[in-house]
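Q: Before I ask anything, here is the structure I am working with.
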Amino acid sequence: MRKWILIAALVATPVTLAAKAQPNWLAIEGRAEADIKQDEGRKPVETLRALGLKKGMKALDIMAGNGYYSEIMAKAVGPKGKVSAWNPEAFVGDKAKEKWAGLAARTANLTHFTTAFDGFEAPAKSYDFALFHLVYHDFYWQSEEYKVPRTDPAIMLKKLYVAMKPGGIVGVVDHVGGKGD
615 MRKWILIAAL VATPVTLAAK AQPNWLAIEG RAEADIKQDE GRKPVETLRA
665 LGLKKGMKAL DIMAGNGYYS EIMAKAVGPK GKVSAWNPEA FVGDKAKEKW
715 AGLAARTANL THFTTAFDGF EAPAKSYDFA LFHLVYHDFY WQSEEYKVPR
765 TDPAIMLKKL YVAMKPGGIV GVVDHVGGKG D
């Protein structure tokens with residue numbers, strides 16, 4: 615009898631999860647076609663839901679690049695929430711500045727700021743949620759070409775810890791190179 619109950623529970627679970635409505639966080643007017651093409655592989659709604667992003671939160675997108683996740687996070691937190699996107703100044707060229715201007719024009723609850731690579735600062739207890747998406751490893755990287763100084767990742771984490779509200783969530787999605795990469 616127990617075997618059948620377990621099997622029934624396992625079979626019913628995917629149906630229950632599938633029936634739960636997915637938020638419409640990707641339905642953003644004017645969203646870049648290049649970003650839309652990345653959705654299938656990145657699964658941003660599933661990722662942000664699993665990490666615990668919710669309406670009304672104040673969120674931080676760390677090393678936000680061209681704003682792929684920033685824009686989706688702004689939709690997810692809704693009009694009462696806020697998203698701050700941070701980039702090192704050396705990573706924001708003319709093309710990125712143009713994209714950020716477009717994002718700012720259509721996304722009222724999204725702000726973008728830049729500092730030196732090792733200059734991130736934020737007011738204490740200002741964020742409920744922070745995301746490192748495919749960038750955490752960069753805090754171990756050094757490059758004269760891209761103006762990335764040798765940094766201590768622990769310093770960034772200490773600054774982030776101060777910026778997070780008690781009980782805040784820090785999500786890290788990253789990749790790893792093969793041996794010798």
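According to the working numbering, the sequence shown is numbered sequentially starting from 615.
Cβ atoms here follow ideal geometry from the backbone N, Cα and C, with glycine treated the same way.
Computed from a predicted model, the values in this text were never measured in an experiment.
#1: Can you say whether Ser-698 is buried or exposed, counting buried as having 16 or more other CB atoms within 10 angstroms of its CB?
#2: Between the segment 653-664 and the segment 726-736, do three or more beta carbon pairs fall short of 8 Å?
#3: Asp-752 and Gly-782 look like a contact to me (Cβ under 8 Å); what is the Cβ gap, rounded to whole Å?
#4: Can you name, in chain order, every residue of its own chain whose Cβ lies under 6 Å from the Cβ of Tyr-750, other than the five neighbours on each side?
#5: CB-CB under 6 Å to Arg-720, same chain, minus the five flanking residues each way: which ones, in chain order?
#6: Would you kindly work out how many angstroms separate the C-alpha atoms of Ala-718 and Leu-662, rounded to a whole number?
#7: Look at Ala-715 and Ala-777 and say whether their C-beta atoms are less than 8 Å apart.
#8: Could you tell me the alpha carbon to alpha carbon distance between Val-784 and Leu-665, rounded to whole angstroms?
#9: With distances taken from CA atoms, which of Tyr-775, Trp-639, Asp-675, Ser-740 is nearest Pro-702?
#10: Which residue's Cα is closest to the Cα of Phe-705: Glu-712, Gly-679, Glu-685, Trp-755?
#11: Between the alpha carbons of Asp-649 and Val-691, how many angstroms are there, rounded?
#12: Report yes if the C-beta distance between Gly-733 and Lys-694 is below 8 Å; otherwise report no.
#13: How about Glu-660: is its C-beta nearer than 8 Å to some C-beta of chain D?
#14: Could you have a look at Asn-784 and say whether DSSP puts it in helix, strand or coil?
#15: From the DSSP secondary-structure annotation, give me the bridge partner or partners of Lys-672.
#16: Who pairs with Asn-701 in a beta bridge, going by DSSP?
#17: Which residue wins for smallest C-alpha separation from Lys-689, given the options Ala-646, Gly-791, Ala-722, Glu-712?
A: Based on what the coordinates show:
#1: Numbered from 1 along the sequence shown, position 84 holds the residue referred to as residue 698. Buried.
#2: no
#3: One-based indexing of the sequence shown puts residue 752 at position 138. One-based indexing of the sequence shown puts residue 782 at position 168. No, Asp-752 and Gly-782 are not in contact; Cβ-Cβ is about 22 Å, not under 8 Å.
#4: Stepping through the sequence shown from its first residue, residue 750 is reached at position 136. The answer, listed in chain order, is Val-786, Asp-788.
#5: Translated into positions along the sequence shown, residue 720 becomes position 106. Same-chain partners within the cutoff: Gly-644.
#6: The residue given as residue 718 occupies position 104 in the sequence shown. The residue given as residue 662 occupies position 48 in the sequence shown. Ala-718 and Leu-662: Cα-Cα distance of roughly 21 Å.
#7: Here residue 715 refers to the residue found at position 101 of the sequence shown. Here residue 777 refers to the residue found at position 163 of the sequence shown. Going by C-beta atoms, Ala-715 is not nearer than 8 Å to Ala-777.
#8: Within the sequence shown, numbered from 1, the residue matching residue 784 stands at position 170. Within the sequence shown, numbered from 1, the residue matching residue 665 stands at position 51. Spanning the two alpha carbons is a distance of roughly 8 Å.
#9: Locating residue 702 in the sequence shown gives position 88, counting from the first residue. Nearest option by C-alpha distance: Asp-675.
#10: Within the sequence shown, residue 705 is the residue found at index 91, counting from 1. For the residues Glu-712, Gly-679, Glu-685, Trp-755, the minimum Cα distance to Phe-705 belongs to Gly-679.
#11: One-based indexing of the sequence shown puts residue 649 at position 35. One-based indexing of the sequence shown puts residue 691 at position 77. Straight-line Cα distance between these residues: approximately 19 Å.
#12: In the sequence shown, the residue the question calls residue 733 occupies position 119. In the sequence shown, the residue the question calls residue 694 occupies position 80. No; because the gap between Cβ atoms is not below 8 Å, this pair is not in contact.
#13: Although the question refers to chain D, the structure presented lacks it and comprises just one protein chain.
#14: Position 170 of the sequence shown, counted from the start, is the residue given in the question as residue 784. Reading off the sequence shown, one finds Val at residue 784, where the question assumed Asn. If DSSP states are grouped into helix, strand and coil, Val-784 belongs with the strands.
#15: Residue mapping note: residue 672 aligns to position 58 of the sequence shown, counting from 1. According to DSSP, which records beta bridges pairwise, Lys-672 is partnered with Lys-696.
#16: Translated into the one-based positions of the sequence shown, residue 701 becomes position 87. BP columns for Asn-701 point to Thr-728.
#17: One-based indexing of the sequence shown puts residue 689 at position 75. Of the candidates Ala-646, Gly-791, Ala-722, Glu-712, the one whose C-alpha sits nearest the C-alpha of Lys-689 is Ala-722.
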